[in-house]
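Data first, discussion second: the structure below is written as structure tokens.
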Amino acid sequence: MTLPMLETLCTEPARIHLELFRRGSEADEERLPISRHGGTYYPVPYEFVYLRMRITNLARKLNLPLPYPIILG
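For the sequence shown, counting from 1, position 60 maps to 59 in numbering that gives the first Met the number 0; every step adds exactly one.
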């Protein structure tokens with residue numbers, strides 16, 4: 000990388016929380032956990048699996064909350 004590229008690159012510390020789950024029934028909004036053995040998840044075959052990600056900015060200079068939560072999934 001060149002010096003201007005390094006000066007432009009700005010990385011902030013962040014905490015990322017990932018949640019893998021499935022839903023019970025269509026009318027039920029309950030999140031059911033995925034079975035886990037060791038560090039590996041084993042979802043049930045032929046079922047939809049949802050991934051939810053929560054990102055928290057840990058930088059001290061920006062402690063402003065987002066106007067809305069960022070939820071994928």
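Yeah, the Cβ is synthetic: ideal placement off N, Cα and C, and Gly gets one too.
Inter-residue spacing [alpha-carbon to alpha-carbon] between residue i and residue j
i, j, result
"L19", "P42", "9 Å"
"I33", "S24", "15 Å"
"Y40", "V48", "11 Å"
"E46", "L31", "12 Å"
"R35", "M4", "42 Å"
"P44", "R22", "14 Å"
"G37", "L50", "19 Å"
"M0", "L8", "10 Å"
In DSSP terms, what residue i is bridged to
i, result
"S34", "Y41"
"L17", "M52"
8 Å contact criterion, which residue i and residue j should meet: CB distance rounded
i, j, result
"E28", "A58", "Going by Cβ atoms, the distance from E28 to A58 rounds to 34 Å, so no, they are not a contact pair."
(Q) For the pair the region 46-54 and the region 4-16, tell me if three or more CB-CB distances fall below 8 Å. (A) yes
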